[in-house]
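**Q** Note that my numbering has the sequence shown beginning at 6, numbered continuously upward.
The beta carbon of each residue, even a glycine, is placed where N, CA and C say it ideally should be.
All values derive from a computational prediction rather than experimental measurement.
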Amino acid sequence: MTAEFDPATPNMARVYDYWLDGKDNYPADRAEAQRLLAIYPPLRDLVRENRAFVIQAVSWAARQGIGQFIDLGAGLPASPAVHQAARKVMPSARVAYVDIDPVVLSHARALLATSDGVTAVAADLRDPRAVLADPELRAVIDPARPVCVILGAVLHFLDAAAARTVTAGYARLMAYGSCLVISVASFDDEALGKQLAEEYTAAAWHNHTPSDVESFFAGLELVGPGVTEAQTWRAWMPQPVMRHRDGHVLAGVAQRQA
């Protein structure tokens, strides 16, 4: 998942930015994005549904009284940003954006990081202990208090075993009362998922099943419907709702209970 700046090579953050109608992308990113859209045109819808879910989950967490947020693999800035959504509910919310992409970090530090509790941290999300011990993160986040940890559209870049290891690490280290927000792209049609994975050159991509995603929340208590389609997730819903289509953003929120 390490990234060096190379405008001639597709970059996962910039491809995602293009699908969100952002401006921080290059011809190679746009070509890759368009090639994938030709295979599965609703991809752009999935990306937007994912973004809407993350913002909704952040707002929900803030309404539960959680005032700290860690956005792992944050990607290029999008609007509304996590700190904007959180502060709409809780004006004192503090946010750390975490990424290892130098371009992402440059943009985040220029556009998002402020002196009032918002920072951008260079760290690898695959090492939970190192992330939570990072001095820059700890300048705004107190891991001993409840925190909302966000893994939005990043775990499909890890195989299922690696994703379980990562999420278990955060689950163990989060304070009681914390929550974990996860979303991943998933395809019911295995042949379609394989084709997209082969065509996606910006990073290795893995097609996780609903049971895989549920396993990423091991040891935590799922909120509302559990793992469901991103655009249908609501904390008050008792059951998951899935649309009839080949591609989904599987999403869920879980809490660490005492």
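Could you pull the DSSP bridge partners for residue 124 from this structure?
**A** 101
**Q** When you compare only the Cα positions, how much space is there between residue 103 and residue 207?
**A** 19 Å
**Q** For residue 7, which residues in the same chain have their Cβ closer than 7 Å to its Cβ, ignoring the five residues on either side in sequence?
**A** Caution is warranted here: a pLDDT of 45 is assigned to residue 7, below 50, making its placement in the model unreliable, and the coordinate value is therefore given only provisionally. Excluding residues within five positions, the ones whose Cβ falls inside 7 Å are 105.
**Q** Could you give the DSSP three-state label for residue 110: helix, strand or coil?
**A** helix
**Q** Any idea what DSSP makes of residue 7, helix, strand or coil?
**A** In this predicted model, residue 7 has a pLDDT of only 45, less than 50, meaning its place in the structure is not dependable enough to derive any value.
**Q** Using 10 angstroms around the beta-carbon of residue 249, count the other beta-carbons present and answer buried if the total reaches 16, otherwise exposed.
**A** exposed
**Q** Helix or strand or just coil, what does DSSP make of residue 64?
**A** Here residue 64 sits in helix by DSSP.
**Q** Mapping the DSSP letters down to three states, classify residue 162 as helix, strand or coil.
**A** helix
**Q** Determine the burial state of residue 247: buried for a count of at least 16 other Cβ atoms within 10 Å of its Cβ, exposed for fewer.
**A** Of the other Cβ atoms in all chains shown, fewer than 16 fall within 10 Å of the Cβ of residue 247; this residue is therefore exposed.
**Q** Are the stretch 152-162 and the stretch 62-70 touching, with three or more C-beta to C-beta distances below 8 Å?
**A** yes
**Q** In whole angstroms, give me the CA-to-CA distance for residue 41 and residue 149.
**A** Spanning the alpha carbons of residue 41 and residue 149 requires a straight line of approximately 42 Å.
**Q** Which residue wins for smallest C-alpha separation from residue 98, given the options 242, 113 and 124?
**A** 124
**Q** Between which residues of its own chain and residue 15 is the CB-CB distance below 6 Å, once the five residues before and five after are set aside?
**A** 33, 34, 37, 206 and 207
**Q** Verify whether the separation of the beta carbon atoms of residue 253 and residue 210 is less than 7 Å.
**A** No, the Cβ-Cβ distance between residue 253 and residue 210 is not below 7 Å.
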